[in-house]
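A short write-up of the structure that comes next.
6 protein chains.
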Amino acid sequence: MTDLVGFGEATLRLRAGRDRRLGDAEQFAAGVGGPERNAVVTASGLGADAVWLSRLPDSPLGRRVVADLRGHGVRTGVTWGDGDARLATRFVEAGPEPRGRTTVDDRSGAAFERVHAPNLPAGVVQEAARFHVAGPTVARSERAAATTESLFEVASEAGTTASFDLRYRDADWDEATARAACEALFPYVDVLFVSPEAAQAVFGEDGDPIEIAHALRTDNGFETVVLGHGDGDALAVHDDEVHEVDAVPGETVDEAGVHDAFVGAFHATRLAGSDSDGEGADGRPTDVGTALARGAAAAALARTLAGDAVDVSPEAIDRILD
Amino acid sequence: MTDLVGFGEATLRLRAGRDRRLGDAEQFAAGVGGPERNAVVTASGLGADAVWLSRLPDSPLGRRVVADLRGHGVRTGVTWGDGDARLATRFVEAGPEPRGRTTVDDRSGAAFERVHAPNLPAGVVQEAARFHVAGPTVARSERAAATTESLFEVASEAGTTASFDLRYRDADWDEATARAACEALFPYVDVLFVSPEAAQAVFGEDGDPIEIAHALRTDNGFETVVLGHGDGDALAVHDDEVHEVDAVPGETVDEAGVHDAFVGAFHATRLAGSDSDGEGADGRPTDVGTALARGAAAAALARTLAGDAVDVSPEAIDRILD
Amino acid sequence: MTDLVGFGEATLRLRAGRDRRLGDAEQFAAGVGGPERNAVVTASGLGADAVWLSRLPDSPLGRRVVADLRGHGVRTGVTWGDGDARLATRFVEAGPEPRGRTTVDDRSGAAFERVHAPNLPAGVVQEAARFHVAGPTVARSERAAATTESLFEVASEAGTTASFDLRYRDADWDEATARAACEALFPYVDVLFVSPEAAQAVFGEDGDPIEIAHALRTDNGFETVVLGHGDGDALAVHDDEVHEVDAVPGETVDEAGVHDAFVGAFHATRLAGSDSDGEGADGRPTDVGTALARGAAAAALARTLAGDAVDVSPEAIDRILD
Amino acid sequence: MTDLVGFGEATLRLRAGRDRRLGDAEQFAAGVGGPERNAVVTASGLGADAVWLSRLPDSPLGRRVVADLRGHGVRTGVTWGDGDARLATRFVEAGPEPRGRTTVDDRSGAAFERVHAPNLPAGVVQEAARFHVAGPTVARSERAAATTESLFEVASEAGTTASFDLRYRDADWDEATARAACEALFPYVDVLFVSPEAAQAVFGEDGDPIEIAHALRTDNGFETVVLGHGDGDALAVHDDEVHEVDAVPGETVDEAGVHDAFVGAFHATRLAGSDSDGEGADGRPTDVGTALARGAAAAALARTLAGDAVDVSPEAIDRILD
Amino acid sequence: MTDLVGFGEATLRLRAGRDRRLGDAEQFAAGVGGPERNAVVTASGLGADAVWLSRLPDSPLGRRVVADLRGHGVRTGVTWGDGDARLATRFVEAGPEPRGRTTVDDRSGAAFERVHAPNLPAGVVQEAARFHVAGPTVARSERAAATTESLFEVASEAGTTASFDLRYRDADWDEATARAACEALFPYVDVLFVSPEAAQAVFGEDGDPIEIAHALRTDNGFETVVLGHGDGDALAVHDDEVHEVDAVPGETVDEAGVHDAFVGAFHATRLAGSDSDGEGADGRPTDVGTALARGAAAAALARTLAGDAVDVSPEAIDRILD
Amino acid sequence: MTDLVGFGEATLRLRAGRDRRLGDAEQFAAGVGGPERNAVVTASGLGADAVWLSRLPDSPLGRRVVADLRGHGVRTGVTWGDGDARLATRFVEAGPEPRGRTTVDDRSGAAFERVHAPNLPAGVVQEAARFHVAGPTVARSERAAATTESLFEVASEAGTTASFDLRYRDADWDEATARAACEALFPYVDVLFVSPEAAQAVFGEDGDPIEIAHALRTDNGFETVVLGHGDGDALAVHDDEVHEVDAVPGETVDEAGVHDAFVGAFHATRLAGSDSDGEGADGRPTDVGTALARGAAAAALARTLAGDAVDVSPEAIDRILD
């Protein structure tokens, strides 16, 4: 049985060196990223049997994405675009403060925009323990939104735990569109990841993080709400209990993928025990508190690595938590 | 007075190292290219006062293109696309034989496709000695074709020498479209650059290179026809005389921009003498034979440089011709 | 059903830049190599379902080897050494002539030396179409030789085609030891890869390549004998017929893994048609002549890539053969 | 009309990597620097029409300097030295503390030392809004000092605002020489940039920064005195008013050119409004307070870039000030 | 007369870039390290006439070690292993926190393990002012321990000051073995370097650093005990007087070799005055307090350099101490 | 006793990458070169006890030169210039043909120009077996010429074999000056290295290489004349016998230092047998023919290495000659 399935877009990230800008970099470091790609890669590195579903251009760059996933032990269910389709690219300049981060998102016309549910292997979702999609995926196109809804429906019917990572950036969608998407998807969702900013923008929820999480959970009947707040701190409300974790202190080399590593490690921890009573196959606990802690450690490790490098090892996480 | 104006698209070239592939390169070397950008850069390096006209996205990447031109002493007349417009990109793998060259052209949706003649400073073309466009530019979109025709018309009325570099690749356009474009533009053209392959594909001209060049010139009333053939050899028919030059032997580091360097140096040489009787301002001859020779030397130099590096120096050309 | 299983050792290759030496290189490029690792990686890239069996140290370097194989789509059946075990390393200087190639092989004490057949998943060999081992593997230790013999026996009993790549270097073993190993293994072997040098050193076979291949085949009852000779040319004797192929001309970036790419592509081609009458699942022929041709193309491609990069694509091979 | 003219020397900076020393660096990163070159480059990037005057050797390195300026949109008025003249070079080691910064200044015999006012296009200064020279330029040779005085005289007569950046390092000149130079130049100066250290060394001014600035302004009849103090904080006395700005916090990648970026941005801001009543052509205010603030932001940005990279964008400055 | 002789092993360090891991680094930076190699290199850079004794494999890597030492002005007395002997290697990943440092020590079977006292030039120790060995050297093999004891005996008889740097890591030896080694060697030792952790692990000494140092000195009759404690602070007890020094603040690029640089600078300072009454040949004091201070400065400098770069200059140390 | 002493200048070579130019290289590879430095480095690597005499600036760059020599096992006798003195630098662009090689020599004002014989340790020359100077050294300044003459005189009186490498480039000196220098030095010279071009320019010797060598030897009473001709071929006339060697074929990475490696290996071979009758201490012959052959092999090896890397190993030479 598959442990975790992610559905979403892959982006080729082209990163300028730290002391150069998009306008004068002579070299760009290349890597594959994407919220769900990152989450399943982290989960795979922690022992989960993971699958990633998407639509890609039939080009050396599209095939590079599949090789990237495969290289992290993740199986892929991909439909291929025709000759004209593109791979989304993002150019990244990540300078020290106060220069900070500048990105050029070059996604329009990407093969993923025309993803179509009937062409994807929905059976993989049916047989999985968990299924995960992040907000920006839904915002990519009408087809992307429809496919997400369709796969969430499959998950719901099959008893697959459905996870949704609600993020909100003006660049992705406006508040009304985000709200409508949430309304369509929330009935299927079991686990919600959300930030205070998204809760505020989409639902007008404001104030104490714990209360926000409680309110979202109660209002929507979620099994679990995980709310990242502050600078890496997180809390979860699950079974009416609140679990909290502080960010693991450390140095930031690259912020890319850090949140996704958190999500992936959270799921991998929860999964490890899905066939037992509170203890994972490897003897590690699988409760929500442990999942938060392992998520925070995974995020801290990913933060020390350049690009969307989120394939942290269980040994490295154990070392931090000891 | 401006010497040479080019109109066309700029492309961000992202090049994998020689022993890596698009699928596994960790770094891509970045540079700006484009047939007319290359030609005016070469001409500028050889002393011509040059201008480049185009449409670009209003982004750090679009501004990088302007900085690149400016950095080679070329003034720019650019209209800016809105937020969604892209910059065309090309991913290049250039391996040794038998692996050879693989490119991914990612141009659809680029800002240039919506270039519009009325927004460009046509006065620059009126006041220039020479105006140059290459075939692929016309093939980019209907607007690009219409703008080219409009600017050729301006050149023609103003007495500006109009230069067209007819290339033919299946990937750019089909034969019928290319033929139609030529029919629309040829009445304005004074100098034609053409390859035997293009002559064959577009006009069915076949056989001896000299005869092809003569035929094209006679049929269309061109002032000059320059025909590159073999592997870097070239000939020109001008005033019913034939001039020939052999390729300058040397090593190939990167083929990109080599032909454009030839075109740029040809124009720069011809221009140097536009205000004198057969001798340029710098004492160098300006006849067609010399222009061919300097074109071939510029091409050989560009061939030793990575990417679209075509800014060869007059001293380096002199050294080869001595 | 698994298509191809390889058994052997992995080596961490540390390569100095082309204009530096082992004594003054400031950086070493790192990669994983090994004759059977290379062969199964090539085969996997060409569509074969491949598995690699070995023994590795339980360290970040040992895990790197598994990640490398997995990253090329190859499943692994690995037993882990204890804390003290090492990963074999090879330091490589590959300078231009007359400086040439210098290597430091640092293999003694490697985990692989203590490989033990009962700990390996022999069932994988039973269920595979083909099983492959190269000569140097046998020469590594008594345990490695015994394990090879044991796995060949499993293959033989299960009807799995057994492939042996006999190489001979003084540094690996002496002639007597090599001869004894061959005597023990040949009864199980179906396909033999051999060089004229090895045939001479081990069997005293000398003279015309075709006659050598015939003699080896007749004497030992092999199904197929593939003899690489000259500088990349190869011939095969199969069903009493001789097939020949010339080396594909091209440039040499790195000789490492080139022969293994040949072997991997040969097997992948033969496999493609194992369930059909002379034509592979993808419509490509599967006869020995085609396997030789695709092997030679794969070798030529691998030769243009640094290190043990042997994961050539079927499209690239098709392009060469067209 | 030209906005800003700078006169001074260019230096080829050769910088060792951060974890290497001058004695063991295998590579040096190369770039062009110089106080006035830096100031006009920053000003040009912020929209000023800028010119740089100097004397250079007629060599590929001298021509590299012109290309550098041109590449940043700055026109050059350069006289060329003969064959023997050198380009000043500076070798830089910039290690973390406590290793810190070590430089080898290799300037003696440089072409600039023999700069001669009559050979420079003084008309450019006459037609400019502002003219700027930094102290070390004057200290380079008697000819450099005489040329500076001559150009200041031209500026004064033409009503061009004359700016002088008084710095003091023992390595450049002794206190008496500096004082004499100031006495000669101050009658022409309108805007003085000065540090507390220089004020102390050259004029014996000590104590409260505001009082120092007031005293210098009153004593010499300057229009504006800008005094950088503390670690990036600055104040200006202008029209008897005091304006102050705090350093923009951030990370230091390289200190080179940071002060010059401040000067360049100060001038560019003041210039933007030179043809209007208190508001620049781009709608930004042009008062001294705004000039200080934009100077501090430009300095903070330059600090995040390696070498003399001071070509910060107006957008980046706006982002900091928002 | 030789100033300082070190005896010990050399290791080839292969270091991944800061944002990569042992499992995915494409390049490893190579360098030679080893506690005594480092100490004599630092001492040599500070003017000491130094020699290093060891056993190495007769390979390009072994010869690289000799070239490294020679390149730092250190003479070598080396016996060569036969063909099979290895050079110890250490793979290093040094990531930011919380990822931190991971090493793979690959030392077993190294040529040094079979070092044999009679083959080393003991006369060099007899004629030296000081002789130094570090704890891990003794822990490498029985032969290494026996050779150390033998050379300490030579030193003792010749009146050469014998220095021992007692370190303790579980990975090197267990407490009992370390204690036995100390018991064997301490009778010969004049100067002991020790950490509170080692004092605790080996002798059960706990508590106040000064008391620990006093106790060790009194119990064993050492001339000097130097105890590094805290994070770079150190104290020495010598002639019943206590000398203390604080760590020099600064940035850490690489921790490797930092302690050895301290030891080397301590000895070099003490040595400088060995032929005078309290003042070195270069006019610098040679007392224990100065040796501590120069040791701390050398350590702080080494900390800013990548790898085992410990060849700090006397000028750099003077600059810190001023 | 010292085997070989060289006297001459050291230059810091700053080399652009192969596909970049002096005008656009972002990085320069740094290294130390110089004809005599190169010759003694090669000789030292082949076992000679070598010393290098020179004058250097007292700066991190000057000290880098000493470290470079020391790092190749060569002792140095250096006098130090004062603060203002420079180190000669050479900027090198070495592109493929037809771009070819461009250098900027920046030597004027270098510390070496003021070298003064009385400050150098002439005793080293007295006690040496061989003493070597190259032509460009003499051309550097009057002091350099006078010092050379003085040291040759010392060598002559002490019976030290004096070697002179006469090269001729217009850039170094004119023919009359070169001829005068030769007239002054030749009475002391025992071994002359010369090219046909130099023989022609300085002595008007033309025609057959063997005859040129004979004539020079007879006219000047040299012990040996070594004449490099063609493209790496060489001949020597010694004891009225002619010895010849062909260039060793191979690839050229960098031409720098290749001839010096020939000279160094020639001397090292001749030296090896200086205390025996025709056979060197290591059993290798020491005759002129062998010296030529080993010189040619050393040159071929140096040709495969970037920069002035001339420290070839005896093993590598043996491998070529076998």
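Residue numbers (this note's numbering), protein chains in the order written: chain A, 1 to 322; chain B, 1001 to 1322; chain C, 2001 to 2322; chain D, 3001 to 3322; chain E, 4001 to 4322; chain F, 5001 to 5322. The C-beta atom is built at its ideal place from N, Cα and C for all residues, glycine as well.
Unbroken beta strand (DSSP E) run spanning L4056(E), endpoints: Residue numbering aside, residue 4056(E) sits at position 56 when the fifth sequence is read from its first letter. Per DSSP, L4056(E) belongs to the beta strand (DSSP E) from 4050-4057.
Cross-strand partners of F3028(D) (DSSP beta bridge): One-based indexing of the fourth sequence puts residue 3028(D) at position 28. BP columns for F3028(D) point to A3016(D), F5028(F).
Nearest residue (CA-CA) to R4015(E), options I4210(E), D4082(E), E4255(E): For the purposes of this step, residue 4015(E) is taken as the residue at position 15 of the fifth sequence. Selected option, being the one with the closest Cα: E4255(E).
Residue from L4301(E), L4061(E), A4293(E) with nearest C-alpha to R3020(D): Counting from 1 along the fourth sequence, the entry for residue 3020(D) is found at position 20. Minimum Cα distance to R3020(D) is reached at L4301(E).
Separation of P2035(C) from V2041(C), as counted between CA atoms: Here residue 2041(C) refers to the residue found at position 41 when the third sequence is read from its first residue. Here residue 2035(C) refers to the residue found at position 35 when the third sequence is read from its first residue. C-alpha separation (whole angstroms): 10 Å.
Burial state of S1054(B), where buried means 16 or more other Cβ atoms lie within 10 Å: Here the question's residue 1054(B) lines up with position 54 in the second sequence. That one is buried.
Beta-carbon neighbours of A5261(F), restricted to chain C and to distances below 9 Å: To locate residue 5261(F), count along the sixth sequence from 1; it is residue 261. None at all; the shortest Cβ gap to chain C is about 12 Å.
Residues of its chain near A2291(C), where Cβ-Cβ distance is below 6 Å and the 5 sequence neighbours each way are ignored: Your numbering for residue 2291(C) matches position 291 in the third sequence. F2266, T2269, R2270, listed in sequence order.
Continuous beta strand (DSSP E) assignments of at least 3 residues falling wholly in the region 106-167 of chain A: 130-134, 161-166
Cβ-based neighbour list, T3103(D), same chain, cut-off 8 Å, excluding 5 preceding and 5 following: On the fourth sequence, residue 3103(D) is found 103 positions in, with the first residue counted as 1. Only R3090, F3091, V3092, E3093 meet the Cβ criterion.
For F222(A), the three-state DSSP class (helix, strand or coil): Taking the first residue of the first sequence as position 1, residue 222(A) is located at position 222. Correct three-state label for F222(A): coil.
Beta-bridge partners of W4080(E), as assigned by DSSP: Mapped onto the fifth sequence, residue 4080(E) falls at position 80. DSSP output for W4080(E) lists L4056(E) as bridge partner(s).
The region 3155-3175 of chain D / the region 3115-3134 of chain D touching (three or more Cβ pairs under 8 Å): yes
Endpoints, the alpha helix (DSSP H) within which T1177(B) is located: As a position in the second sequence, residue 1177(B) is number 177, starting the count at 1. Unbroken alpha helix (DSSP H) run through T1177(B): 1175-1185.
Residues that DSSP places opposite D3208(D) in a beta bridge: Mapped onto the fourth sequence, residue 3208(D) falls at position 208. Looking at the DSSP assignment, D3208(D) forms no beta bridge with any residue, so it has no partner.
The alpha helix (DSSP H) enclosing H5259(F), as first and last residue numbers: Residue 5259(F) sits at position 259 when you count from the first residue of the sixth sequence. Note, H5259(F): alpha helix (DSSP H), 5258-5272.
E2251(C) (DSSP reduced to helix, strand or coil): Start at 1 with the first residue of the third sequence, and residue 2251(C) comes out as number 251. E2251(C): coil per DSSP, three-state reduction.
Pick from V3066(D), P3118(D), A3146(D) that is closest to G3031(D), judged by C-alpha positions: Within the fourth sequence, numbered from 1, the residue matching residue 3031(D) stands at position 31. Checking every option, the nearest Cα to that of G3031(D) belongs to V3066(D).
Short CB-CB distance (under 8 Å) between E3251(D) and chain A: By one-based count along the fourth sequence, residue 3251(D) stands at place 251. Output row for E3251(D): interface = yes.
Supposed close pair V4051(E), G4077(E) - CB separation, criterion 8 Å: The count along the fifth sequence starts at 1 and reaches residue 4051(E) at position 51. The count along the fifth sequence starts at 1 and reaches residue 4077(E) at position 77. Correct: roughly 6 Å between the Cβ atoms.
Run of the alpha helix (DSSP H) containing V3237(D), from where it starts to where it stops: For this step, residue 3237(D) is matched to residue 237 along the fourth sequence. First-last for V3237(D): 3233-3238, but that is the beta strand (DSSP E), not the alpha helix (DSSP H).
Proximity below 8 Å, CB of A5039(F) to CB of G5264(F): Residue numbering aside, residue 5039(F) sits at position 39 when the sixth sequence is read from its first letter. Residue numbering aside, residue 5264(F) sits at position 264 when the sixth sequence is read from its first letter. Yes; because the gap between Cβ atoms is below 8 Å, this pair is in contact.
Test: R2303(C) CB closer than 8 Å to a CB of chain F: Position 303 of the third sequence, counted from the first residue, corresponds to residue 2303(C). False, the Cβ-Cβ gap to chain F never drops below 8 Å.
Cβ neighbours of E3127(D) in the same chain (closer than 7 Å, five flanking residues each side left out): Counting from one through the fourth sequence, the residue named residue 3127(D) turns up at place 127. Cβ within range, chain order: M3001, T3002.
Below-8 Å beta-carbon distance, P3096(D) vs any chain E residue: Locating residue 3096(D) in the fourth sequence gives position 96, counting from the first residue. True, the Cβ-Cβ gap to chain E drops below 8 Å.
Rounded C-alpha distance that separates A1010(B) from P3121(D): For the purposes of this step, residue 1010(B) is identified with residue 10 of the second sequence, where counting begins at 1. For the purposes of this step, residue 3121(D) is identified with residue 121 of the fourth sequence, where counting begins at 1. Using only the alpha carbons, I get a separation of about 36 Å.
Enclosing alpha helix (DSSP H) for E3315(D) [first to last residue]: Taking the fourth sequence and counting its residues from 1, the one referred to as residue 3315(D) is at position 315. 3314-3321 is the extent of the alpha helix (DSSP H) around E3315(D).
CB contact flag (V1138(B), A1088(B), <8 Å): Counting from 1 along the second sequence, the entry for residue 1138(B) is found at position 138. Counting from 1 along the second sequence, the entry for residue 1088(B) is found at position 88. No; because the gap between Cβ atoms is not below 8 Å, this pair is not in contact.
Own chain, CB closer than 6 Å to T5252(F), minus 5 neighbours either side, in chain order: Your numbering for residue 5252(F) matches position 252 in the sixth sequence. Once the five neighbours on either side are set aside, the close Cβ partners of T5252(F) are R5303.
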